[in-house]
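Right, one structure below, let's go through it.
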Amino acid sequence: MVFKYTKAVCRRIPKSIVDDGIRMDLNEPLIDYKRAVQQHEHMVQSLEKLGVKVTVLETDESTPDCVFVEDPAVIIGDTVLITNPGRKSRKPETKKIKEHFKKNEPHLKIVEMESPAELDGGDVMFTGREIFVGQSRRTNKAGYLKVKETFPDYPVHAIPIPENTLHLLSCMSAVDEDTIICGGSPDASAALKVVLEKTTCLYSVIRTPDDDGANLVSVNGTILWRSDLPATSNIISKLNIPKMDIDGSELNKVDGSLTCCSLLYN
Ligand SMILES: CN(C)C(=N)NCCC[C@H](N)C(=O)O
Numbered sequence: 085m086v087f088k089y090t091k092a093v094c095r096r097i098p099k100s101i102v103d104d105g106i107r108m109d110l111n112e113p114l115i116d117y118k119r120a121v122q123q124h125e126h127m128v129q130s131l132e133k134l135g136v137k138v139t140v141l142e143t144d145e146s147t148p149d150c151v152f153v154e155d156p157a158v159i160i161g162d163t164v165l166i167t168n169p170g171r172k173s174r175k176p177e178t179k180k181i182k183e184h185f186k187k188n189e190p191h192l193k194i195v196e197m198e199s200p201a202e203l204d205g206g207d208v209m210f211t212g213r214e215i216f217v218g219q220s221r222r223t224n225k226a227g228y229l230k231v232k233e234t235f236p237d238y239p240v241h242a243i244p245i246p247e248n249t250l251h252l253l254s255c256m257s258a259v260d261e262d263t264i265i266c267g268g269s270p271d272a273s274a275a276l277k278v279v280l281e282k283t284t285c286l287y288s289v290i291r292t293p294d295d296d297g298a299n300l301v302s303v304n305g306t307i308l309w310r311s312d313l314p315a316t317s318n319i320i321s322k323l324n325i326p327k328m329d330i331d332g333s334e335l336n337k338v339d340g341s342l343t344c345c346s347l348l349y350n
């Protein structure tokens, strides 16, 4: 079964991301802002072509990472969990996201996470049948327990994320209800091993050489994928699923992957 969505929230990229976006590898070159905006706009247009009504929220220069809207909220079914992101500089991002849902989507139930629980939405992988929550440098045990309490209809499994990987979704994602795509690094393999030990379902697993290439946005039967990664492209181009090419190279310089830039819901 494919993931179906009619709406999405995205957020414009602040210029401050160039100098102040959080990055794990300080040797990465700086973002080319103009190119990043073009790539982001192309991603928004691609979602629109798939029948998704996209709201692009205004940006905020005081929160350099605010384009990564996946982290301040987790939406499953008709519930929006406003998170408490693990990095201090990202906590204020929740305000705008909460405002959007309160004002425009009264049919959705809003739940808020409070300290000591911390969680980035990038640590949450929903497969349609269960929820996996990365226990990472950004997401603690209380954050995982809040996900469990908020979404009682699904089994929720904690997955330890090794130090060099930012989020669970930095190295894998769900293609559909039966398929997980996972990167090739030792960190990705370690996380996948626990996913497959804890699951109560049977998933097909596709492996990609790059971890970044394993982060796909799966919408209405089509996948948005990183066409700028040659090694991964070999694997993805053989998949018998409609695809849209996205160049995600600029935001990737500050550890952003494709899923980070939208919150999809109905
Ligand atoms: C799945 N991923 C990776 C995400 N959901 N978020 C990426 C956030 C990147 C940002 N510079 C940061 O370090 O917070």
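Quick note: the sequence shown uses this note's numbering, first residue 85, plus one each step. Every residue, glycine too, gets a C-beta built ideally from N, C-alpha and C. The structure presented is a predicted model; accordingly, all values stated were derived computationally and were not measured.
Of all the options the options, which has the alpha carbon lying nearest to the alpha carbon of residue i?
i    : options                : result
E198 : V151, T167, G205, G212 : T167
T293 : I265, D329, T283, I307 : The sequence shown places Pro at residue 293, rather than the Thr named in the question. Ranking the options by Cα distance to P293, first place goes to I265.
T178 : K187, V153, L348, E189 : V153
V151 : P176, G135, T306       : P176
E142 : D109, V136, R119, H184 : H184
R291 : S273, V164, K187       : S273
Once DSSP output is grouped into helix, strand and coil, what is the label at residue i?
i    : result
A201 : coil
L348 : strand
D109 : coil
R222 : coil
S302 : strand
T249 : coil
Residues in its own chain within less than 8 Å of residue i by CB, not counting five upstream and five downstream?
i    : result
G212 : M85, F87, A258, D260, E261
D331 : Q123, H126, R310, S311, D312
G135 : T90, N304
Starting from residue i, follow the alpha helix (DSSP H) in both directions and report where the run begins and ends.
i    : result
G227 : 225 to 234
K186 : 177 to 188
H126 : 117 to 133
P314 : 314 to 320
E142 : Here E142 belongs to no alpha helix (DSSP H), and DSSP marks it neither H nor E.
Between which residues of its own chain and residue i is the CB-CB distance below 6 Å, once the five residues before and five after are set aside?
i    : result
R174 : D149
E145 : P98, S100
P200 : A226
Excluding the 5 residues preceding and the 5 following residue i in the sequence, name in chain order all residues of the same chain whose CB lies nearer than 7 Å to its CB.
i    : result
N336 : D296
D204 : D155, T167, P169, G170, R222, T223, H251
T234 : T163, L165, V195
Do residue i and residue j have their CB atoms nearer than 8 Å?
i    : j    : result
S302 : S311 : no
S220 : L250 : yes
A92  : L348 : yes
C344 : G218 : no
What residue range does the beta strand (DSSP E) around residue i cover?
i    : result
V289 : 288 to 291
I264 : 263 to 266
I97  : Taken as a continuous stretch (DSSP letters only), I97 belongs to no beta strand (DSSP E), as it is neither H nor E.
L165 : 163 to 166
V279 : From DSSP, V279 is part of no beta strand (DSSP E) but of the alpha helix (DSSP H) over 270 to 282.
Please decide whether residue i counts as near chain C, where near means a Cβ-Cβ distance under 8 Å.
i    : result
T223 : The question asks about chain C, but that chain is absent: this structure has only one protein chain.
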